[in-house]
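Notes follow the structure.
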Amino acid sequence: MLCGTTSAYRAADFDSTVELLRYTGRFEELTSDRNVDGTYDALVIRAEVEVFATAGFDLSGVLAGSGGSPEIAKSFSQVWLQEGLRWAEFSFAGPDIRRGGVDGPTARTWPRYRLRREPAASTRRPRTRPWLITRRTSTRPPRSPHNPKAAGVRPAGVDESPRRVLDHLGIRPRKRLGQHFLVDSRVALRHVGHAALGSSDTVLEIGPGLGILTRLLAEHARHVVAIEADRRFATYLRESLPDVEVIEGDALAIEWPRFDVMASNLPYQISSPLTFRLLREPFRRAVLMYQWEFARRMIANPATADYSRLSVGVFRRAACEILERVPRNAFHPQPRVDSALVRLEPRPSPFPIGDPDRYDAVVDVLFKHRRKTVENGLRLGWKAIAESPEALEAVLPTVPFRTRRVEALSPEEIGRIADAVRMAKG
């Protein structure tokens, strides 16, 4: 069984099946159902084959028949070992055991098996630092960051450790400014892949920091513009990445250049205002890093705890998808929460809107009082939507859903409310 001739990665670039799953961003997804319905291992078997095939491995014919067993797992694990993996690990449901006496609940055991390469075939190879960026030097796809042949790019005379880079620059990360720097190049590689850049694209990045993502963007796009508020990082980026246009300033206060794609690890404290500004700009795609909780609010449904003004605003303007959850240890210093990569693609409103500005004003008013009924929420915020309280009261009888709670309204229902209150403003 041989690797595909057009493979971007080789089995020898990874130590184990677990490492390859982590690199492809599927490990947490595949292990999340373990011990729930008894199908965890069969799911991993099928999905691992899919993941490895995507990475360029020819695994056709590895699984004989349907389902899974230790024998089948051993057969394709041997294939992985022949391709260069140092070890392969798998587990299957073992016999049930009973807890708490004869009438107690049963629990399924999960014996674990590990296959290693023969000692003669196993040679320890040097490992690169996990954060180190690798630069493509030919027309081949970029190598895995675990490939020892890949050349690291860093400022001359500076150690590749991000902490030492910061020390060299005399910079201490400021958590109050949301300065949590991405230091895992595997995440950066996937970030660029999700952006699906073209050779003619102009990319805008907000808050590039140490430039781990910026370097990769510059290799795949025609032009990269980076907006950095911290003068120290702006100076560092101009010196280390002369082909990147670095603009020093507050991304919320300055005018943005024209761009096709935005790819950024956003400072957490400006996520909301920056997202709303982005959605008013013309662009093709944005792949952004947010706090995990913020990302969940972006895609929340009505009548859920995460449903908010943000959920409505994003739904009206763009198709939104959480691409993957990023663990906090991918950053330095580590934040207190995990993050998420989110893709936004602009689209026309999925429902008719008479006046977009009035719609936004009604959304703002209602979600300041999301637990109240519609009519009470409108009364409390009448200044933003009516000439006077009397003018609002005159149109309230025509407002639909006025006795329902704001948090249960769909974006389309809010649109009907906005159309009904249009006469209150005069």
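Oh and the sequence shown: position 190 is 189 in numbering that gives the first Met the number 0, straight run, nothing missing. All C-beta atoms in this analysis are idealised placements derived from N, C-alpha and C, irrespective of residue type, glycine included.
Asked                                                                                         : Found
Segment limits, beta strand (DSSP E) that includes V341                                       : S338 to P345
Rounded straight-line distance, which links the Cα of P266 to that of R295                    : 17 angstroms
Buried versus exposed, by CB contacts within 10 Å (16 or more), N264                          : buried
Helix, strand or coil at L322 according to DSSP, with G and I counted as helix                : strand
Limits of the beta strand (DSSP E) - the one that V245 falls within                           : E244 to E247
Status (buried if at least 16 other CB within 10 Å, exposed otherwise) for V311               : buried
Strand pairing of Q290, partner residues [DSSP]                                               : S338
Rounded Cβ spacing between A429 and Y306 (contact assumed at less than 8 angstroms)           : It is not possible to answer for residue 429, since the shown part of the chain is limited to 0 through 425.
In DSSP terms, what A263 is bridged to                                                        : Sequence check: residue 263 is Ser here, not Ala. Its beta-bridge partners are L287.
Identity of the residue in H331, A417, G414 and P351 nearest P161 by Cα                       : H331
Helix, strand or coil at F314 according to DSSP, with G and I counted as helix                : helix
Rounded separation between A419 and H368 - CA only                                            : 19 angstroms
Contact the stretch 392-409 vs the stretch 369-381: 3+ CB pairs below 8 angstroms             : yes
C-alpha gap between R415 and A262, whole angstroms                                            : 35 angstroms
Same chain only: Cβ atoms within 6 angstroms of I246, ignoring 5 sequence neighbours per side : I226
Rounded straight-line distance, which links the Cα of I384 to that of V313                    : 21 angstroms
Residue from D166, L168, H167 and Q178 with nearest C-alpha to R334                           : First, the amino acid is wrong: residue 334 is Pro here, not Arg. Checked all of D166, L168, H167 and Q178; the closest Cα to P334 is Q178.
Beta strand (DSSP E) segment containing T201, residue limits                                  : T201 to I205
Beta carbon of H193 nearer than 8 angstroms to that of L340                                   : yes
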